[in-house]
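Asks: If you scroll down you'll find the structure; I have some questions about it.
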């Protein structure tokens, strides 16, 4: 550490002496202004040279070392549960709206499952309400087309059947 500090001080001192000599030899006028700019840049490089030898740390590495892994996993799990809940609620509201367009009133419960990339997609739909066979058929087709839930994973019940 002391050796590096000594080397840095020597390089700054040598740069200062070199710049002072150059300033003394440069004739007055516009050339002197360019010389002063150049001398300033040489001094800045000499002063900041230790920064170039520092190892850069990526923000991700710093963040990983700062937060314990358990905390990160817990936050990721909370985020996933929140996203799942939002998707389920939005899909349920969408299906209720589609049923209302068909003239039916119902309650809908959507269950989501994670896909390979971690995204949550609707997996199963349970519709509770008094729907005619035509409304049920149209809603089944709409859910399959828009949400990708096949008829096998769609369940229908009446209000009397639900507890």
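In my numbering, the protein residues as written are 84 to 246.
No residue lacks a Cβ here, since even glycine has one placed at the ideal position from N, Cα and C.
Fully enclosed by the region 187 to 237, which alpha helix (DSSP H) runs are 4 residues long or longer?
Replies: 216 to 230
Asks: Who are the Cβ neighbours of residue 198 in its own chain at under 8 Å, not counting the five residues just before and after it?
Replies: 204
Asks: Just to confirm before moving on: does the CB-CB distance between residue 179 and residue 189 stay below 8 Å?
Replies: yes
Asks: Measuring CB to CB, does residue 94 end up less than 8 Å from residue 129?
Replies: yes
Asks: What did DSSP end up calling residue 123 once you bin it into helix, strand or coil?
Replies: Residue state, collapsed to three classes: helix.
Asks: Report yes or no: do three or more beta-carbon pairs, one from the region 172 to 187 and one from the region 215 to 222, lie closer than 8 Å?
Replies: yes
Asks: Please report the distance separating the alpha-carbon of residue 131 from that of residue 92.
Replies: Residue 131 and residue 92: Cα-Cα distance of roughly 11 Å.
Asks: How would you write the range of the alpha helix (DSSP H) that residue 100 sits in, first residue to last?
Replies: 85 to 108
Asks: Count the other CB atoms, across all protein chains shown, that sit within 10 Å of the CB of residue 100; report buried if there are 16 or more and exposed otherwise.
Replies: exposed
Asks: Using the C-alpha atoms, what's the distance from residue 161 back to residue 155?
Replies: 10 Å
Asks: Could you say which of 213, 218, 206, 97 lies nearest to residue 231 if we only look at CA atoms?
Replies: Measuring from the Cα of residue 231, the nearest candidate turns out to be 206.
Asks: In angstroms, rounded to a whole number, what distance separates the CA positions of residue 114 and residue 96?
Replies: Near 24 Å, if we compare the C-alpha coordinates of residue 96 and residue 114.
Asks: Compare the Cα-Cα distances from residue 193 to each of 209, 200, 201 and report the closest residue.
Replies: 209
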